[in-house]
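Participant: One structure follows; several queries about it will come next.
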Amino acid sequence: MRIVLLGAPGSGKGTQAKLLTEKYRIPHVSTGDLLRANLAAGTPLGLQAKAAMDSGQLVSDDLVLAIIRERLRNPDARKGFILDGFPRNLAQAQALDSMLANIGQPLDAAILMEVDFDILMQRLTGRRTCENCGASYNVYTNPPRLDDQCDRCGSPLHHRADDNEETIGNRLRVYDTQTKPLIGFYRDQGRIETVDAVGEVKDIFKRMLTTLDPIAKGQRKVVPLVKPQPPVKAGKTAAPKPSLKAILAAKASAAKAPAAKATAPAPKAAKKSAVKKHKKKDKKKEKKKDKKKHKKDKKKGRKKDKKKKRK
Ligand code: AMP
1 MRIVLLGAPG SGKGTQAKLL TEKYRIPHVS TGDLLRANLA AGTPLGLQAK AAMDSGQLVS
61 DDLVLAIIRE RLRNPDARKG FILDGFPRNL AQAQALDSML ANIGQPLDAA ILMEVDFDIL
121 MQRLTGRRTC ENCGASYNVY TNPPRLDDQC DRCGSPLHHR ADDNEETIGN RLRVYDTQTK
181 PLIGFYRDQG RIETVDAVGE VKDIFKRMLT TLDPIAKGQR KVVPLVKPQP PVKAGKTAAP
241 KPSLKAILAA KASAAKAPAA KATAPAPKAA KKSAVKKHKK KDKKKEKKKD KKKHKKDKKK
301 GRKKDKKKKR K
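Per the working numbering, the sequence shown starts with residue 1, numbered consecutively.
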């Protein structure tokens with residue numbers, strides 16, 4: 001089963017994905033988790049993603065796509081996967097479609113987890129995660145028995161750096177403008193399923209299973225509302241995808257290059273070539289005019305000669 005969990009930050013995608021992974025034995029692939037792991041390990045990728053993550057903006061598509069491409073190549077993803085936090089915009093969704101079309105394993109469904117705005121805020125500001133085993137809590141709705149300590153393994157609980165009010169505001173705005181359009185995108189493909197994601201975790205999980213069981217059994221048919229566009233075939237028209245290493249190297253060298261050279265792409269040269277083009281055009285026009293005039297004059301000359309002869 002290959003599914004995408006769609007929903008605003010705080011809609012419970014991560015919590016449900018962990019439970020679904022245990023139930024269906026397919027990996028939970030969270031771009032947010034992968035990026036945070038890179039950040040914690042201080043990798044070049046993590047460092048490049050940091051600013052966007054801290055401010056609640058999206059990390060660049062090329063980095064995220066390279067991470068996903070690498071992760072989905074892992075043998076554990078052959079049986080299927082649960083994508084959480086990816087795709088986050090139309091470009092990512094289209095790239096995912098062509099990635100999956102190339103291996104002949106299209107997405108089964110996109111599950112939209114619906115939650116009201118006020119509840120999202122409460123969930124995000126109260127969210128705590130165990131640094132060791134990944135268990136999730138909420139200080140308002142699902143508090144740990146002991147303050148800031150995991151019930152399962154006793155490790156300290158962590159409040160995500162981007163779960164502060166300012167960043168949360170940005171993340172919700174980004175969701176509204178960039179991720180929400182994916183609902184229409186998957187609806188047109190006939191792949192959207194909606195689940196009410198308000199209430200107790202176990203109740204939401206039951207609803208998820210009601211929706212997902214038929215998909216896992218291959219009983220759900222994908223009936224597109226809109227005629228699907230043919231995917232770009234790899235190796236034919238699409239350029240080869242750069243590896244994560246190549247993307248990072250290119251970004252690092254672009255950052256090192258002198259700002260003026262890197263950011264000012266020769267506007268003078270552009271102007272010059274535009275002027276040249278115009279001049280060329282003008283010359284062509286003049287030549288045409290001359291030719292026409294020459295022809296006319298010739299005609300007139302011939303007419304005059306005829307008249308003279310007749311006289
Ligand atoms: P999440 O844990 O899914 O809420 O993601 C945390 C942060 O990681 C987001 O606010 C983004 O900065 C970044 N991020 C996660 N997934 C993506 C993605 N698919 N595209 C771009 N940025 C992402």
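We treat Cβ as the ideally placed atom computed from N, Cα and C, and that holds for glycine. All of these numbers come straight from a predicted model, not from anything done at the bench.
1. What's the C-alpha gap between Ala91 and Gly56?
2. Would Leu5 and Lys18 be called neighbours here (beta carbons separated by less than 8 Å)?
3. On the DSSP bridge list, what partners appear for Leu39?
4. May I ask whether a heavy atom of ligand 1 can be found less than 7 Å away from the beta carbon of Ser30?
5. Could you spell out the range, first to last residue, of the alpha helix (DSSP H) harbouring Glu165?
6. Cβ atoms of Ala110 and Tyr186: under 8 Å apart, would you say?
7. With a threshold of 7 Å (Cβ to nearest heavy atom), would Pro9 be considered close to ligand 1?
8. Can you tell me whether Leu146 is buried or exposed, with buried defined as 16 or more other CB within 10 angstroms of its CB?
9. Could you pull out every unbroken beta strand (DSSP E) segment of at least 3 residues lying fully inside the segment 4-69, listed in chain order?
10. Let's see if you can read the secondary structure: which residues bound the beta strand (DSSP E) around Asn102?
11. Applying the 10 Å Cβ sphere with the 16-neighbour rule, what's the burial state of Ser11?
12. So, for Ser136: in the same chain, excluding its five sequence neighbours on each side, which residues have a beta-carbon less than 6 Å away from its beta-carbon?
13. Can you determine whether any heavy atom of ligand 1 sits closer than 7 Å to the C-beta of Ala197, and answer yes or no?
14. In the DSSP assignment, the beta strand (DSSP E) including Tyr137 goes from what residue to what residue?
15. Relative to the C-alpha of Ile204, which candidate in Val115, Ala77, Ile183 and Asp76 has its C-alpha closest?
16. Within 10 angstroms of its Cβ, does Glu193 collect 16 or more other Cβ (buried), or is it exposed?
17. Quick one: what does DSSP say Ala260 is sitting in, helix, strand or coil?
18. Verify the contact flag: Gln92, CB atom, against every heavy atom of ligand 1, threshold strictly below 7 Å.
19. Please list, in chain order, all residues of the same chain as Val64 whose beta carbon is under 6 Å from its beta carbon, the five residues on each side excluded.
20. Pick helix, strand or coil for Pro87, following the three-state DSSP scheme.
21. Using the three-state DSSP reduction, which class does Asp196 fall into: helix, strand or coil?
22. Roughly how many angstroms lie between the CA atoms of Arg302 and Lys287, to the nearest whole one?
23. Starting from Arg127, trace the beta strand (DSSP E) in both directions and tell me its first and last residue.
24. Can you tell which of Cys133, Arg160, Ala197 and His159 has its C-alpha closest to the C-alpha of Asp151?
25. Based on the DSSP secondary-structure assignment, which residues constitute the bridge partners of Gln189?
26. Our contact map puts Leu72 next to Phe86 with C-beta atoms below 8 Å; I'd like the distance itself, whole angstroms only.
27. Give the straight-line distance between the Cα atoms of Asn164 and Ala197, rounded to the nearest whole angstrom.
28. Comparing C-alpha positions only, which one of Ile119, Ser60, Ile103 and His28 sits nearest to Ile247?
29. Cutting at 8 Å between CB atoms, please list the residues of its own chain near Leu157, excluding the five before and the five after it.
30. Check whether the Cβ atoms of Lys27 and Ala77 sit closer than 8 Å, and answer yes or no.
31. Is it buried or exposed for Ile215, if we count other Cβ within 10 angstroms and need 16 for buried?
Facilitator: According to the data block:
1. Each residue's Cα considered, the two are about 19 Å apart.
2. Not closer than 8 Å, so no.
3. Partner(s): none; Leu39 has no beta bridge.
4. Ser30: yes, Cβ under 7 Å from ligand 1.
5. Counting along the chain, Glu165 sits inside the alpha helix (DSSP H) bounded by residues Glu165 to Val174.
6. Less than 8 Å divides the Cβ of Tyr186 from the Cβ of Ala110.
7. Yes.
8. Exposed: under 16 other Cβ atoms inside 10 Å.
9. List check, beta strand (DSSP E) in window: 28-30.
10. Where Asn102 is concerned, there is no enclosing beta strand (DSSP E), although the alpha helix (DSSP H) around it starts and stops at Leu90 to Asn102.
11. That one is buried.
12. Excluding positions up to five away in sequence, the list reads Thr15 and Thr129.
13. Outside the cutoff, so no.
14. Tyr137 -> beta strand (DSSP E) spans Ser136 to Asn138.
15. Checking every option, the nearest Cα to that of Ile204 belongs to Val115.
16. Taking all protein chains shown into account, Glu193 has 16 or more neighbouring C-beta atoms within 10 Å of its C-beta and is therefore buried.
17. Interpretation of Ala260 is limited by its pLDDT of 44, a score under 50 that renders its predicted location unreliable; no figure is taken from the coordinates.
18. Answer for Gln92: yes, Cβ within range of ligand 1.
19. Cβ within range, chain order: Thr31.
20. Coil, per DSSP.
21. Secondary structure of Asp196 (DSSP, three-state): strand.
22. In this structure, the CA atom of Arg302 is about 23 Å from the CA atom of Lys287.
23. Here the beta strand (DSSP E) through Arg127 covers Arg127 to Cys130.
24. It is Cys133.
25. Paired residues: none, contrary to the question.
26. Not quite, the Cβ-Cβ distance comes to about 10 Å (not below 8 Å), so this is no contact.
27. When rounded, the distance between both Cα atoms is 22 Å.
28. Selection Ile119, Ser60, Ile103 and His28 evaluated against Ile247 yields Ser60 as nearest (Cα-Cα).
29. Same-chain partners within the cutoff: Arg128, Thr129, Cys130, Glu131, Tyr137, Pro144, Asp148, Gln149 and Cys150.
30. Sequence inspection shows Pro at residue 27; the Lys mentioned does not correspond to that position. Ala77 sits close to Pro27, with the two beta carbons spaced by under 8 Å.
31. Buried, by the Cβ-count rule.
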